[in-house]
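Below is one structure, written out as structure tokens, with a few remarks after it.
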Amino acid sequence: MKHKGLLWLTAGLAVCLVLLASLLSGEVGLSLTELWRGLLDGGDTLAAIIIWDIRLPRTVLAAVTGFGLGVAGAAAQGLLRNPLAEPGILGAANAAALGAVIAIYLGLAGTVSFWVPFAAISGALISVVLLLALAGEGVSSLRLILAGFAISALAGAGIALALNLSPNMFAALEITFWLLGAVENRSWGHVFIALPGFVVGVALIWANRRALDALALGEDVARSLGVAFRRLRMSMTLGISFVVGSLVAATGVIGFIGLLAPHLVRPVTGALPSRSILPSGLLGAMLLLAADSLIRLLPTQSELKLGVVMAFLGVPLLLYLLRRETLVQDMT
Amino acid sequence: MSYMPMSLDLQAVHYDAISRRSRLPIVTDINLHFATGQLHALIGPNGAGKTTVLRLACGLLSPTQGEVVVQSGRFEDRQWRARHFAYLPQFQSVAWPLSTREVAALGLYSFAEMTRAEIQSRVEHALERCGVVDLRDRLITELSGGERARVMLARLLVSDAPFLLLDEPVQSLDPAWAIGLMTILAEEAAAGRGIICVMHDLNLVRHYCDQVALLGNGALQAYGAPARVIRAEILQSVFATPFQDRDGFVLPRLEPVPS
């Protein structure tokens, strides 16, 4: 027990540290005292404006996104009993991206306007309805995965079509950049748009987390242990899709976190799915905050996109896990 | 430990596998009576419907026709069933490298009111009985097939479910542990649980079980005490192969290997 408390304390401290790092990094150098004053005093000082209007929304959005993707990834792996599952596997990520791309394509908005997230959330919702219609009556997880894959592929094709038909280079570039995923230039508005779906989704996942443990022994055993399997699958699917759809709406597509975070925490938390959910969220938040701080510290001409950096950081981590063979277990 | 005496009846139960295009009868007109305090076996050729009957008996399948009736219980209530029936499927799959202890503790999933200490002591006791207590912190994925099967048995024993249903529990066990497992099941029956298990080893059935149901072609062919059911002439007709009964052992007759 003592050991466990220490772990949580360390995790909490680490989160605080990356939060601080995220708030401190940026073009204008701020000292700790300036940060503190800006945070507390508010008002019209330069530091306060930078912190409250620019840095804080970005930091909060990065933290929420990392947390949500970590949680959704752990839930998707638990639900599908598959270590390769990631939050986008059910199709919501691509569907949300398609919604956003359509909004950008139609010229409804620049990439940071609120029409984009609204269109993205609509896309995610449509994908959930489609998914449940395709796989709702089916019994096997495989059917859910295939239906998700179909939706994902369809949305991907839609995105490609939009790029293909885009009226000019700039529109295509705008779409491509948005797809890369980022938390820069985001305001509180973006945070608030993502928040309801995020909160509802995480709550749905959290409320059903223990059933995932029973599901580890297979669907039949889980049902014999009292799990209402269909209800569980419905709640988890909705939860994952809500989280992913809302986050993609605010940030674009950021990969790898949802796949990696659960694997990275499992050596510490053990393999019970319910135990990896919250730690995956915390680690996801930490990873994304750290990556986003790194982006701002790198002396590149134009800021790198978060999705790009995450992929570059993610692949070596994935390879490391492969070498340690914690990823690929005997699954029979 | 004492269990509430209960009985479980399958009354004129039919089960059809229904797909969009076809309707395939799996079991027809099954009448069976299971009671606590007894060790029941379901035997029969491959594809006879043993697993289907077992799944019908614990509510994992609903009969297409007929009824499953529990005296003094709410069989239609999922939570009630979870606390009164523990089920071990034929094919074990564990999706994650859980520890032995974690797997066994999942048997108490629907007993949320239990304290951590109580869970721990029940798990310890069950692992001890199944001879895998020294493996308590090992990962299930690292164990041999037989060790894993014993951990799965421990998962059933941790709870107070009055009925245990097992689908071919001895399939991966060595001869010593096959007897060990049957002994544990007989002890549980003596303590008041009702045990229903699908079996292929007819001699273990003859020695340990109180009641045997012989299924063939989806129908009940014989039902009663082992001495009445496990007889060469009955088995012969259902399994469509010659059996011999010698020195108290019943075995299919071995044909010479064609050269």
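Those protein sequences? They're chains H and S, same order as listed.
Residues 1 to 332 in my numbering are what the first sequence spells out, letter by letter.
Residues 333 to 591 in my numbering are what the second sequence spells out, letter by letter.
Every residue gets a Cβ at the ideal spot worked out from N, C-alpha and C, and that includes glycine.
At what residues does the beta strand (DSSP E) containing residue i begin and finish?
{"i": "Leu342 of chain S", "result": "339-350"}
{"i": "Ala373 of chain S", "result": "371-375"}
{"i": "Ile528 of chain S", "result": "526-530"}
{"i": "Ala545 of chain S", "result": "543-548"}
{"i": "Gln553 of chain S", "result": "551-556"}
{"i": "Pro584 of chain S", "result": "581-584"}
{"i": "Leu496 of chain S", "result": "495-499"}
Using the beta-carbon of each residue, which ones in chain S are nearer than 7 Å to residue i?
{"i": "Ser152 of chain H", "result": "The premise fails here: Ser152 of chain H is roughly 22 Å from chain S at the closest Cβ pair, so nothing lies under 7 Å."}
{"i": "Ala96 of chain H", "result": "Going along chain S, no residue has its Cβ under 7 Å from Ala96 of chain H, so there is no contact; the nearest lies around 28 Å."}
{"i": "Asp53 of chain H", "result": "Residues of chain S passing the Cβ test: none, with the nearest at roughly 44 Å."}
If the cut is a Cβ gap below 9 Å, which residues of chain S does residue i touch?
{"i": "Arg81 of chain H", "result": "Ser425, Ala427, Trp428"}
Write down the C-beta distance between residue i and residue j rounded to the nearest angstrom, noting that I regard them as a contact closer than 8 Å.
{"i": "Ile350 of chain H", "j": "Met310 of chain H", "result": "Residue coverage of chain H in this structure runs from 1 to 332, which leaves residue 350 of chain H outside it and unanswerable."}
{"i": "Leu471 of chain S", "j": "Ser431 of chain S", "result": "6 Å"}
{"i": "Arg525 of chain S", "j": "Leu496 of chain S", "result": "6 Å"}
{"i": "Ala414 of chain S", "j": "Leu225 of chain H", "result": "6 Å"}
{"i": "Lys382 of chain S", "j": "Leu374 of chain S", "result": "5 Å"}
Who are the neighbours of residue i on chain H, taking C-beta pairs under 9 Å?
{"i": "Glu434 of chain S", "result": "Asp213, Ala216, Gly270, Ala271, Leu272"}
{"i": "Ala414 of chain S", "result": "Arg223, Ser224, Leu225, Gly226, Val227"}
{"i": "Pro494 of chain S", "result": "Within chain H, no residue comes near Pro494 of chain S; the closest Cβ sits about 14 Å away, beyond 9 Å."}
{"i": "Leu517 of chain S", "result": "Those do not exist, as Leu517 of chain S stays about 18 Å from chain H at its closest Cβ, beyond 9 Å."}
Can you name, in chain order, every residue of its own chain whose Cβ lies under 7 Å from the Cβ of residue i, other than the five neighbours on each side?
{"i": "Ala103 of chain H", "result": "Ala109, Trp115, Val116, Ala119"}
{"i": "Leu313 of chain H", "result": "Ala291"}
{"i": "Ile451 of chain S", "result": "Ala437, Leu440"}
{"i": "Glu219 of chain H", "result": "Phe229"}
{"i": "Leu327 of chain H", "result": "Any answer about Leu327 of chain H is weak, because its pLDDT of 47 lies below 50 and its placement is not dependable; what the coordinates show is given next. So the list reads Pro83, His263, Leu321, once near-sequence residues are dropped."}
{"i": "Met331 of chain H", "result": "Note that Met331 of chain H scores a pLDDT of 43, beneath 50, so its modelled location is shaky and nothing firm can be said."}
{"i": "Tyr347 of chain S", "result": "Ile358, Val359, Thr384, Leu388, Leu393, Pro395, Thr396"}
On the DSSP letters alone, give me the boundaries of the alpha helix (DSSP H) that residue i sits inside.
{"i": "Arg355 of chain S", "result": "It is not in any alpha helix (DSSP H) - Arg355 of chain S instead sits in the beta strand (DSSP E) that spans 355-367."}
{"i": "Asp577 of chain S", "result": "That residue, Asp577 of chain S, is in no alpha helix (DSSP H); its beta strand (DSSP E) goes 575-578."}
{"i": "Leu32 of chain H", "result": "32-41"}
{"i": "Asp213 of chain H", "result": "209-215"}
{"i": "Gly226 of chain H", "result": "From DSSP, Gly226 of chain H is part of no alpha helix (DSSP H); its letter is neither H nor E."}
{"i": "Val308 of chain H", "result": "306-324"}
{"i": "Leu605 of chain S", "result": "With chain S covering only 333 through 591, there is no way to say anything about residue 605 of chain S."}
{"i": "Ile175 of chain H", "result": "169-180"}
Residues in its own chain within less than 6 Å of residue i by CB, not counting five upstream and five downstream?
{"i": "Ala96 of chain H", "result": "Ala120, Gly123, Ala124, Gly245, Val248, Ala249"}
{"i": "Ala72 of chain H", "result": "Pro87, Ile240, Val243, Val244, Gly258"}
{"i": "Pro57 of chain H", "result": "Arg186, Ser187, Trp188, Val191"}
{"i": "Ala380 of chain S", "result": "Leu547, Gly548"}
{"i": "Gly405 of chain S", "result": "none"}
{"i": "Leu144 of chain H", "result": "Ala135"}
{"i": "Val18 of chain H", "result": "Met286, Leu289, Ala290"}
{"i": "Met38 of chain H", "result": "The sequence as given places Gly at residue 38 of chain H; Met does not occur at that position. These residues qualify, in order along the chain: Ala47, Ala48, Ile51."}
{"i": "Gly78 of chain H", "result": "Leu212, Pro273"}
{"i": "Ala11 of chain H", "result": "Leu282"}
List, in chain order, every chain S residue whose beta-carbon is nearer than 8 Å to that of residue i.
{"i": "Val309 of chain H", "result": "What Val309 of chain H touches in chain S: nothing, since even the nearest Cβ is about 30 Å away."}
{"i": "Asp41 of chain H", "result": "Going along chain S, no residue has its Cβ under 8 Å from Asp41 of chain H, so there is no contact; the nearest lies around 47 Å."}
Say yes only if the C-beta of residue i is nearer than 7 Å to one or more non-hydrogen atoms of the ligand NAD, and no if none qualify.
{"i": "Thr447 of chain S", "result": "You won't find the ligand NAD in this model; it holds no ligand whatsoever."}
Report all residues from its chain with a CB closer than 8 Å to the CB of residue i; omit the five preceding and five following residues, and keep chain order.
{"i": "Val582 of chain S", "result": "Leu534, Asn535, Arg538, Ile562, Arg563, Ala564, Leu567, Phe575, Gln576"}
{"i": "Asp469 of chain S", "result": "Ser431, Thr432, Arg433"}
{"i": "Ser552 of chain S", "result": "The question names Ser, but residue 552 of chain S is Leu in the sequence shown. Same-chain partners within the cutoff: Asp361, Ile362, Asn363, Leu364, Ala545, Leu546."}
{"i": "Arg482 of chain S", "result": "Cys462, Gly463, Val464, Leu505, Trp509, Leu513"}
{"i": "Leu420 of chain S", "result": "Met484, Leu485, Arg487, Leu488, Leu496, Leu497, Leu498, Asp499, Pro501"}
What in chain H is Cβ-close to residue i, meaning under 8 Å?
{"i": "Phe417 of chain S", "result": "Ser224"}
{"i": "Ser442 of chain S", "result": "Leu225, Gly226"}
{"i": "Ser354 of chain S", "result": "What Ser354 of chain S touches in chain H: nothing, since even the nearest Cβ is about 17 Å away."}
So with CB distances below 7 Å, who are the chain H contacts of residue i?
{"i": "Cys390 of chain S", "result": "Ser224"}
{"i": "Pro501 of chain S", "result": "Per Cβ cutoff of 7 Å: no residues; Pro501 of chain S is ~14 Å from chain H at best."}
Under 8 Å Cβ-Cβ, which residues of chain C neighbour residue i?
{"i": "Ala228 of chain H", "result": "Of the protein chains in the structure, H and S, none is chain C."}
Contiguous alpha helix (DSSP H) assignments of at least 4 residues, all confined to the stretch 54-82 of chain H: 56-80
Ordered list of alpha helix (DSSP H) runs contained in the stretch 422-484 of chain S, each at least 4 residues: 432-437, 448-461
Can you check the stretch 379-422 of chain S for any beta strand (DSSP E) of at least 3 residues that lies completely inside it and give the ranges in chain order? 397-402, 417-420
To test your reading of the DSSP string, which unbroken alpha helix (DSSP H) runs of 4 or more residues are found completely within the stretch 238-298 of chain H? 257-269, 273-297
Enumerated in chain order, which unbroken segments of the alpha helix (DSSP H) with a length of 4 residues or greater are wholly contained in the stretch 83-158 of chain H? 92-105, 115-135
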